[in-house]
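Participant: Numbering (our numbering), first residue to last: 33 to 222.
Following this message is one structure expressed as structure tokens.
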């Protein structure tokens, strides 16, 4: 897949999770952006980055329905192919995401087509909608090649908060972790 505007155009990449705070590629510009028709959800069992097949963690996916605020990055055209190759290596380890070109609206009002990674609902790692107890259990147990699952949750939540973007599931998990740090016995009881 080449990017939407062709070989000589800049590439836009939409991040909604760790790509927002650790893109791993060079970019010339970034802005808060919104994609419609998809929402951010803790809906992917992580078997590599934040868990293993035996002890899966839980990471974000761009799932169908609603809207999602995230970060759009403009990659200069000469770096587009290398960026796509990097993203495929990072995001497609188990092919749980679909690589899509979706319209995004930047905070300054511009509309662009951006490369996005949306969860494949037919993939075995698609968790769907989980209750709070399962969210917490999976996140607490997850540890993979990119580190501990709670760190991923806390880093993503902190970055979203800095941007003024709320995610109630991440907020709830971070509050649970903070309560446990303040009073481990009370957190386990609650």
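Even for Gly, the Cβ is constructed at its ideal location relative to N, Cα and C.
#1: Compute the distance between the beta-carbons of residue 44 and residue 191, then report whether it is under 8 angstroms.
#2: I'd like to check one pair, residue 71 with residue 102: are the Cβ atoms closer than 8 angstroms?
#3: From the DSSP output, in three-state form, read off residue 195 for me.
#4: Roughly how many whole angstroms lie between the Cα atoms of residue 204 and residue 189?
#5: Classify residue 79: buried if its beta carbon has 16 or more other beta carbons within 10 angstroms, exposed otherwise.
#6: Per DSSP, which residues does residue 63 bridge with? Please list them.
#7: Please state whether the Cβ-Cβ distance between residue 104 and residue 154 is less than 8 angstroms.
#8: Which same chain residues end up closer than 6 angstroms to residue 181 when comparing Cβ atoms and leaving out the 5 residues on each side of it in sequence?
#9: Where residue 151 and residue 119 are concerned, what is the direct C-alpha to C-alpha distance, given to the nearest angstrom?
#10: Using C-beta distances below 6 angstroms, list every residue in its chain close to residue 40, excluding the 5 sequence neighbours before and after it, in chain order.
#11: According to the neighbour-count rule (16 or more other Cβ atoms, all chains shown, within 10 Å of its Cβ), is residue 200 buried or exposed?
#12: Does the Cβ-Cβ distance between residue 67 and residue 148 come in under 8 angstroms?
#13: Would residue 137 and residue 214 qualify as a contact pair, given that the criterion is a beta-carbon distance under 8 angstroms?
Facilitator: Let's see:
#1: In the chain shown, the residue the question calls residue 44 occupies position 12. In the chain shown, the residue the question calls residue 191 occupies position 159. No, the pair does not count as a contact, with Cβ atoms beyond the cut-off.
#2: To locate residue 102, count along the chain shown from 1; it is residue 70. To locate residue 71, count along the chain shown from 1; it is residue 39. No, the Cβ-Cβ distance between residue 102 and residue 71 is not below 8 angstroms.
#3: Mapped onto the chain shown, residue 195 falls at position 163. Residue 195 carries a helical assignment under DSSP once its states are collapsed to helix, strand and coil.
#4: Taking the first residue of the chain shown as 1, we reach residue 204 at position 172. Taking the first residue of the chain shown as 1, we reach residue 189 at position 157. The alpha-carbon separation between residue 204 and residue 189 amounts to approximately 10 angstroms.
#5: In the chain shown, residue 79 corresponds to position 47, counting from 1. Buried, by the Cβ-count rule.
#6: The residue you call residue 63 lines up with position 31 of the chain shown. According to DSSP, residue 63 bridges with 104.
#7: Along the chain shown, read from residue 1 onward, the residue named residue 104 stands at position 72. Along the chain shown, read from residue 1 onward, the residue named residue 154 stands at position 122. Contact: no.
#8: What you label residue 181 is simply residue 149 of the chain shown in a count that begins at 1. So the list reads 82, 89, 171 and 174, once near-sequence residues are dropped.
#9: Locating residue 151 in the chain shown gives position 119, where the first residue counts as 1. Locating residue 119 in the chain shown gives position 87, where the first residue counts as 1. If I take the Cα positions, the gap works out to 15 angstroms.
#10: Translated into positions along the chain shown, residue 40 becomes position 8. These residues qualify, in order along the chain: 109.
#11: Residue numbering aside, residue 200 sits at position 168 when the chain shown is read from its first letter. Under this definition residue 200 is an exposed residue.
#12: The sequence position of residue 67 within the chain shown is 35, counting from 1. The sequence position of residue 148 within the chain shown is 116, counting from 1. Contact flag set, yes.
#13: Within the chain shown, numbered from 1, the residue matching residue 137 stands at position 105. Within the chain shown, numbered from 1, the residue matching residue 214 stands at position 182. Taking 8 angstroms as the Cβ cut-off, residue 137 and residue 214 do not qualify as a contacting pair.
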